[in-house]
Amino acid sequence: MNWLANLVRPKIQKWVRPKDVPDHLWNKCPACANMIFHRDLEKNLFVCQHCGHHLKLAIKDRFAMLFDDGLFQKIELPKAPADPLRFRDLKRYGDRLKEAQNRTGEADAIQVAHGKMGGIGVVIAAFDFHFLGGSMGVAVGEGLVAAAELAVLQDAPLIVVPASGGARMQEGILSLMQMARSTVAVGRVKEKGLPYIVLLTDPTTGGVTASFAMLGDIALAEPGAVIGFAGARVIENTIREKLPEGFQRSEYLEEHGMVDMVVHRHELRATLIRLLGLLRNPKPAGDLLRLPGADVKAAR
Amino acid sequence: MNFLDFEKPIAELEGKIEELRHLANGGDLNIAEEVAKLQGKVDKLMRATYGKLTPWQKTQVARHPDRPHGLDYIDGLIDEFMPLAGDRAFADDKAIIGGLGRFRGRSVVAIAQEKGRDTDSRIRHNFGMAKPEGYRKAQRLMSLADRFGLPLLTFIDTAGAYPGIDAEARGQAEAIARAIEAGLDLRVPFVATVIGEGGSGGAIALATGNAVLMLEHAIYSVISPEGCASILWRSGDQAKEAAEALKLTAQDLHRLGVIDAIVPEPLGGAHRGPAQTIGAVGDAIARALDGLEGVEGGLLRAKRREKFLEMGRAAGA
Ligand SMILES: [Zn+2]
Numbered sequence: 001m002n003w004l005a006n007l008v009r010p011k012i013q014k015w016v017r018p019k020d021v022p023d024h025l026w027n028k029c030p031a032c033a034n035m036i037f038h039r040d041l042e043k044n045l046f047v048c049q050h051c052g053h054h055l056k057l058a059i060k061d062r063f064a065m066l067f068d069d070g071l072f073q074k075i076e077l078p079k080a081p082a083d084p085l086r087f088r089d090l091k092r093y094g095d096r097l098k099e100a101q102n103r104t105g106e107a108d109a110i111q112v113a114h115g116k117m118g119g120i121g122v123v124i125a126a127f128d129f130h131f132l133g134g135s136m137g138v139a140v141g142e143g144l145v146a147a148a149e150l151a152v153l154q155d156a157p158l159i160v161v162p163a164s165g166g167a168r169m170q171e172g173i174l175s176l177m178q179m180a181r182s183t184v185a186v187g188r189v190k191e192k193g194l195p196y197i198v199l200l201t202d203p204t205t206g207g208v209t210a211s212f213a214m215l216g217d218i219a220l221a222e223p224g225a226v227i228g229f230a231g232a233r234v235i236e237n238t239i240r241e242k243l244p245e246g247f248q249r250s251e252y253l254e255e256h257g258m259v260d261m262v263v264h265r266h267e268l269r270a271t272l273i274r275l276l277g278l279l280r281n282p283k284p285a286g287d288l289l290r291l292p293g294a295d296v297k298a299a300r
Numbered sequence: 301m302n303f304l305d306f307e308k309p310i311a312e313l314e315g316k317i318e319e320l321r322h323l324a325n326g327g328d329l330n331i332a333e334e335v336a337k338l339q340g341k342v343d344k345l346m347r348a349t350y351g352k353l354t355p356w357q358k359t360q361v362a363r364h365p366d367r368p369h370g371l372d373y374i375d376g377l378i379d380e381f382m383p384l385a386g387d388r389a390f391a392d393d394k395a396i397i398g399g400l401g402r403f404r405g406r407s408v409v410a411i412a413q414e415k416g417r418d419t420d421s422r423i424r425h426n427f428g429m430a431k432p433e434g435y436r437k438a439q440r441l442m443s444l445a446d447r448f449g450l451p452l453l454t455f456i457d458t459a460g461a462y463p464g465i466d467a468e469a470r471g472q473a474e475a476i477a478r479a480i481e482a483g484l485d486l487r488v489p490f491v492a493t494v495i496g497e498g499g500s501g502g503a504i505a506l507a508t509g510n511a512v513l514m515l516e517h518a519i520y521s522v523i524s525p526e527g528c529a530s531i532l533w534r535s536g537d538q539a540k541e542a543a544e545a546l547k548l549t550a551q552d553l554h555r556l557g558v559i560d561a562i563v564p565e566p567l568g569g570a571h572r573g574p575a576q577t578i579g580a581v582g583d584a585i586a587r588a589l590d591g592l593e594g595v596e597g598g599l600l601r602a603k604r605r606e607k608f609l610e611m612g613r614a615a616g617a
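So the protein sequences, as listed, match chains A and B.
Residue numbering for the first sequence follows our numbering, beginning at 1 and increasing consecutively.
Residue numbering for the second sequence follows our numbering, beginning at 301 and increasing consecutively.
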């Protein structure tokens, strides 16, 4: 627990739109190819106003969107060994890692923050798909362990928001072991009777889906997200068949009983707050409590 | 005997021996002497080859068609075996065979992945690639072990969980995740042995043991060398390089602290001495169980969880 002593950054962060994104910037919707003003896209929580496609969200936008008033405190994650296998394919993994770190300004594909949602204290761990495909290596495992420990320490629900292609191949067997490790981590939260909620976003596949991401007390999914175990190409190569329409999308998973609900990004915060309220405040609110005497009178 | 590419020189010598023996047919001393000489050469060559198998060669040995499979271990090690079928939800998946039995006198639950040996049995066992119903059957058997305080023994040998439409529709990811959770949750001794190929999530689903053992030439990896090569090298031809990079041998995994013990194989690999290999695995399991039996259930569970919670934390340090 020694890392907890210095993990909380002193300043509460509020995300402010960086000034380097000019207002006239255009984005192209990857689903319908329509051009959208960046400013409009941002106002719409990065949902395409033409086709409703949910674009991938940066972690800071995700935190800002979920926490009350966009206020949250990020925690400093314990350092993980970089490149434990000294892996090299066409490029050194160490170089790929540094490149991703320089590009994102973050240490790895996960960030953890705490704050309030509907006044209820929560810990949120979110993935950045743009950091090596959001893949899970030792550092991501470390982030999940830290998030779970913080949730237990603060007696707070844990919400995890994966966006990941699966295990990080370049960490070999150690990345596979993070499946077991993350399972133990979220298990601690569950054991304490604290809600563990997973919000599946595009994409959540492979070893991430086959571990902590499918173990939530409640599983929500954003519309149209690819969620599954095996990659579509691997399946096609194995069975030599075309995959059905909408295969491995959120709606398909809902239909097959694998997630509780598919929630539009605009409804997400309200949905989570209601769920948290129901799980965390099970007793009737104070002003609804009747005095026992009043009950007796009413019965007469 | 099926020979692997790199065993060609050994195969040639053994072929020659076979020929000579055929020729001799009687008691020709000169030929007998020649055979003995050649046999010595074979042994030397085998020792040299198997003493320094590359990761890719080990991958081939781990997948050798004559290598003892899951059911061979159940046959060889589990007496009074009572196979128990089905996940009580959808089907019985024969890629995973499990049931009650007796290991060296004590009642256990044994679960094995079986690849099959000929066309018929390979199809019956789906080449050892389990579907959700297989992992759900495993979960059911794990809770049976837990309820009756029986040790759990698993034998891992799979290329991976089955990648198919039906498997995805029924929740392959969830089935694996719950199997991992169930294994970590047990309050009984849990010994997992990787006997051939430990393929990714489909393997770790059954491998969250208090003790994880691995045969000398078995492999255990997050992805197959071929799969890794096709993604990172953009060509399946680099499987050899990928096998090196992935650190998937028992020796690498032991160094990384991922497995607890390596079980030696006979010279030339498990397929050259199946009975000897199965016996050695039995001995190693018995040793592991000796250290776990009598430990209080809650402590067994806590220690197992602690072990997996630390995985990777110290690596590279
Ligand atoms: Zn669109």
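Every residue, glycine too, gets a C-beta built ideally from N, C-alpha and C.
What Phe-247(A) touches in chain B, judged by beta-carbon distance under 8 Å, is Ile-465 and Glu-468, going in chain order. Three or more beta-carbon pairs separated by less than 8 Å are not found between the segment 74-92 of chain A and the segment 25-35 of chain A, which leaves the two stretches without contact.
For Leu-548(B), the residues of chain A that pass the 8 Å Cβ criterion are Gly-172 and Ile-173, in the order they occur in the chain.
Approximately 11 Å separates the beta-carbon atoms of Gly-370(B) and Ala-430(B); this is outside 8 Å, ruling out the contact. By the Cβ neighbour-count rule, Arg-406(B) is exposed, with fewer than 16 other Cβ atoms within 10 Å of its own. A distance below 8 Å separates the beta carbons of Thr-349(B) and Ile-310(B).
For the 8 Å CB-CB criterion, Asp-260(A) and Ile-218(A) form a contact. Under the 8 Å criterion on CB atoms, Met-514(B) is classed as non-interfacial with respect to chain A.
In this structure, the CA atom of Pro-574(B) is about 60 Å from the CA atom of Phe-67(A). Around the CB of Ser-500(B), 16 or more other CB atoms lie within 10 Å, so the residue is classed as buried.
His-114(A) sits in a strand when the DSSP states are folded into three classes. The beta carbon of Ser-421(B) sits no closer than 8 Å to any beta carbon of chain A. Judged by the Cβ position, Cys-528(B) fails to qualify as a neighbour of ligand 1 at the 7 Å threshold, every heavy atom of the ligand being at least this far. Residue-level contact check: Ser-521(B) touches chain A, since one or more beta carbons of chain A fall below 8 Å from its beta carbon.
The segment 509-522 of chain B makes no contact with the segment 239-254 of chain A; the number of CB pairs closer than 8 Å stays below 3. For Asp-379(B), the beta-bridge partners assigned by DSSP are Arg-402(B).
For His-264(A), the nearest beta carbon of chain B is not closer than 8 Å to its own beta carbon. Residue-level contact by beta carbon fails for Pro-162(A) and chain B, as no gap is shorter than 8 Å. Ranking Leu-57(A), Leu-144(A) and Ile-197(A) by CA distance to the CA of Glu-610(B) puts Leu-144(A) first. Gly-536(B) does not reach chain A, its nearest Cβ partner there being about 11 Å away, counting only Cβ pairs nearer than 8 Å. About 6 Å separates the beta carbon of Met-442(B) from that of Leu-486(B), a gap short enough to meet the 8 Å contact definition. Here DSSP, grouped into helix, strand and coil, assigns His-54(A) to strand. Per DSSP, reduced to three states, the secondary structure at Ser-524(B) is coil, with no helix or strand assignment. If you draw a 10 Å sphere on the C-beta of Thr-419(B), you find fewer than 16 other C-beta atoms in it, and that means exposed.
Here the segment 451-465 of chain B does not lie against the segment 330-340 of chain B, with fewer than 3 beta-carbon pairs under 8 Å apart.
Fully enclosed beta strand (DSSP E) runs of no fewer than 3 residues occupy 196-200 of the segment 177-205 of chain A, in order along the chain. Shortest gap from the CB of Ala-31(A) to any heavy atom of ligand 1: under 7 Å. At least one heavy atom of ligand 1 sits closer than 7 Å to the Cβ of His-50(A). Any Cβ of chain B closer than 8 Å to the Cβ of Met-214(A) would place that residue at the interface, and such an atom is present. The Cβ atoms of Gly-165(A) and Val-522(B) lie no closer than 8 Å to each other. A Cβ of chain A is located within less than 8 Å of the beta carbon of Gly-612(B). Ala-477(B) has its alpha-carbon roughly 13 Å from the corresponding atom of Glu-433(B). Under DSSP, no beta-bridge partner is assigned to Val-558(B). Listed along chain A, no residue sits closer than 9 Å to Phe-490(B) by beta-carbon distance, the nearest being about 12 Å off.
If you look at Lys-394(B), you'll find it isn't in any beta strand (DSSP E); DSSP assigns it neither H nor E.
In the three-state reduction of the DSSP assignment, Val-342(B) falls in the helix class, which pools H, G and I.
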